[in-house]
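Asks:
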Ligand code: FRU
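In UniProt numbering, the protein residues as written are 1 to 494.
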């Protein structure tokens, strides 16, 4: 095996080598976490440690495919300004020879401890799965636990699709949820417990396909997360193998949550229906942390498994993270809002009030661009459809449309004509209350739109021409009033 330091050196060399190519890409984002080169996927080890936020990520430095995974690392004092840190984990040991897979972080007596899956495949393609620890005093240099792995393969009745531990402490005991698959190929989330993080016992099954009246719900549940919000237990997971149902489940794999109550004696969770966290395109494997302000903050991979063809691959990199969102629970539904620190990078406010749009399309002075935040409040008169077109080319061949269809009572994100890259349309029901508020975050190659103060969120990557900067508001079949419009440019973080 190659030594840890040597693997890291090799990866750093690759980063250095590709730097100018990667940085020549117009689609490099200005305020979203990206890999320095190669591929980024799941957020890992999201934690606030000694007052600073740390976010690790699944990282393949040597290509834009899902190769051998390392843990990359960023840190931040405010969740907005991120500093790239040295690589935290490299797959140097026998128990992780095919990658340091996803996991989480906790603080244990002042030590930042990572818990992750060591992935092993032998020459015949047989898989082994090991849960491992790595510790750090300074939050920068990590040392793997000498008696790794702490869990060897899966419990009886499950396959080796057993990974992505998320750990937390409750009443003095460490608990872990982990993604699993039964030998009948049904997705599961399992609960484990431990006194010392080193020796673990299975408690039971939390949820899964064909249990708790859920019906058929996929062959594998990846990246679970379990936490309390407003007195309820929330289970987040990324189930694989759910068929599309109308507007639901249209991406290759889903990410969503259940609200309910976990019985810590049996592990079982009584829960309501699965709800998708994001109604758009690229969104997967979200992970949360609780910060010292008591906020439950979520970051997700702004990408999807098996989407390996984004135009950025030509420039040696692929994928990014979403902006951080704060979760709240209202009437058993999760409301998601951008962290308020996003306001720290606003600049150049442009503002309008009470603009009537009557069966037409308008452009407004100072409202255009590619890296910006916009808040728009619409009041509906009699239009049957209204919204905004972003990243429009002069001839409008290119455009990304966010709009509300009052007949269907649906909000729609249409990237059929967004430029290069994946296409498609996503829709979600939103009751017509004759008022709609949009909070849009636009970056060089991404859109995130928070609707009605976080009732729904749509996320997607788009790859328009860099000259396509037009923004147009429109109403069809009558009028709407753009009650309030505020737009800020965003100070680049990267
Ligand atoms: C989810 C996932 C995890 C795994 C990791 C490997 O995207 O497949 O289940 O730990 O990615 O990179």
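Yeah, the Cβ is synthetic: ideal placement off N, Cα and C, and Gly gets one too.
Please state the DSSP three-state secondary structure of residue 167.
Replies: If DSSP states are grouped into helix, strand and coil, residue 167 belongs with the strands.
Asks: Could you give the DSSP three-state label for residue 344: helix, strand or coil?
Replies: Residue 344 falls in the helix class under three-state DSSP.
Asks: Please tell me whether, using a cut-off of 7 Å, the distance from the CB of residue 97 to the nearest non-hydrogen atom of the ligand FRU is below it.
Replies: No, the beta carbon of residue 97 sits no closer than 7 Å to any heavy atom of the ligand FRU.
Asks: Using a Cβ-Cβ cutoff of less than 7 Å, which residues in the same chain neighbour residue 233 once the five nearest sequence positions on both sides are dropped?
Replies: Within the same chain, residue 233 has close Cβ partners 226, 260, 261, 262 and 269.
Asks: Identify which residue in 120, 484, 79 and 1 has its Cα closest to the Cα of residue 344.
Replies: When each option's Cα is compared against that of residue 344, the closest is 79.
Asks: Which class does residue 312 belong to by DSSP, given the choice of helix, strand or coil?
Replies: Correct three-state label for residue 312: helix.
Asks: Under three-state DSSP, which class holds residue 399?
Replies: Three-state result, residue 399: coil.
Asks: By a C-beta neighbour count over all protein chains shown, 10 Å radius and 16 as the cutoff for buried, is residue 472 buried or exposed?
Replies: Per the 10 Å Cβ criterion, buried.
Asks: Can you tell me whether residue 70 is helix, strand or coil according to DSSP?
Replies: It is a strand residue.
Asks: Quick check: is any heavy atom of the ligand FRU less than 7 Å from the C-beta of residue 179?
Replies: Yes, since a heavy atom of the ligand FRU falls inside the 7 Å radius drawn around the Cβ of residue 179.
Asks: Roughly how many angstroms separate the alpha carbons of residue 99 and residue 28, rounded to a whole number?
Replies: Looking at the two C-alpha atoms, the distance is approximately 26 Å.
Asks: Buried or exposed: which applies to residue 456, given that a residue is buried once 16 or more other Cβ atoms fall within 10 Å of its Cβ?
Replies: Looking at its Cβ environment, which holds 16 or more other Cβ atoms inside 10 Å, residue 456 is buried.
Asks: The beta strand (DSSP E) spanning residue 380 covers which residue range?
Replies: 372 to 380 is the extent of the beta strand (DSSP E) around residue 380.
Asks: Within the chosen definition, does the segment 198 to 217 reach the segment 229 to 248 through at least 3 CB pairs nearer than 8 Å?
Replies: Yes, since at least three Cβ pairs between the segment 198 to 217 and the segment 229 to 248 fall closer than 8 Å, the two stretches touch.
Asks: Based on DSSP bridge pairs, tell me the residues matched to residue 112.
Replies: Looking at the DSSP assignment, residue 112 forms a beta bridge with 107 and 136.
Asks: Should residue 1 go down as buried or exposed, given a rule of 16 or more other Cβ atoms within 10 Å for buried?
Replies: So residue 1 ends up on the exposed side.
Asks: Once the 5 residues before and after residue 443 are set aside, which same chain residues still bring their CB inside 7 Å of it?
Replies: Cβ within range, chain order: 29, 30, 31, 32 and 371.
Asks: Going by CA-CA distance only, name the one from 60, 117 and 177 that's closest to residue 153.
Replies: The candidate whose alpha carbon is nearest that of residue 153 is 117.
Asks: Could you name each continuous beta strand (DSSP E) segment of 3 residues or more that falls completely within the segment 292 to 336, going from the start of the chain to the end?
Replies: Entirely contained in the segment 292 to 336, the beta strand (DSSP E) runs reaching 3 residues are, in chain order, 296 to 301 and 325 to 330.
Asks: Less than 8 Å separating the beta-carbons of residue 459 and residue 281?
Replies: Yes, Cβ-Cβ distance for residue 459 and residue 281 is below 8 Å.
Asks: Return helix, strand or coil for residue 41, following the three-state DSSP convention.
Replies: DSSP places residue 41 in strand when its eight states are reduced to three.
Asks: If I measure Cβ to Cβ from residue 399 and keep anything under 6 Å in the same chain, skipping five residues before and after, which residues do I get?
Replies: Same-chain partners within the cutoff: 389, 392 and 417.
Asks: Going by other Cβ atoms of all chains shown within 10 Å of its Cβ, with 16 needed for buried, is residue 276 buried or exposed?
Replies: Classification for residue 276: buried.
Asks: Using only CA atoms, which one of 290, 469 and 341 lies nearest to residue 395?
Replies: Selected option, being the one with the closest Cα: 469.
Asks: So what's residue 197 in DSSP terms, helix, strand or just coil?
Replies: Reduced to three states, the DSSP call for residue 197 is coil.
Asks: Give the straight-line distance between the Cα atoms of residue 386 and residue 138, rounded to the nearest whole angstrom.
Replies: Going from the Cα of residue 386 to the Cα of residue 138 covers about 52 Å.
Asks: Straight-line CA distance for residue 421 to residue 108?
Replies: Straight-line Cα distance between these residues: approximately 43 Å.
Asks: Count the other C-beta atoms from every protein chain shown that fall within 10 angstroms of the C-beta of residue 179, then say buried if there are 16 or more, exposed otherwise.
Replies: By the 10 Å Cβ count, residue 179 comes out buried.
Asks: Could you name the residues that DSSP lists as bridge partners for residue 449?
Replies: 440 and 458.
Asks: Within the same chain, show all residues whose beta-carbon is closer than 6 Å to that of residue 489, passing over the 5 residues directly before and after it, in chain order.
Replies: Once the five neighbours on either side are set aside, the close Cβ partners of residue 489 are 347, 348 and 372.
Asks: So for residue 84, helix, strand or coil by DSSP?
Replies: Residue state, collapsed to three classes: strand.
Asks: Tell me whether residue 301 is buried or exposed, calling it buried when 16 or more other Cβ atoms sit within 10 Å of its Cβ.
Replies: Answer is buried; the Cβ neighbour count reaches 16.
Asks: Do residue 66 and residue 89 count as a contact pair if the criterion is CB distance below 8 Å?
Replies: Contact flag unset, no.
Asks: Quick one: complete alpha helix (DSSP H) runs, 4+ long, within the segment 198 to 238?
Replies: Segments of the alpha helix (DSSP H) lying fully in the segment 198 to 238: there are none.
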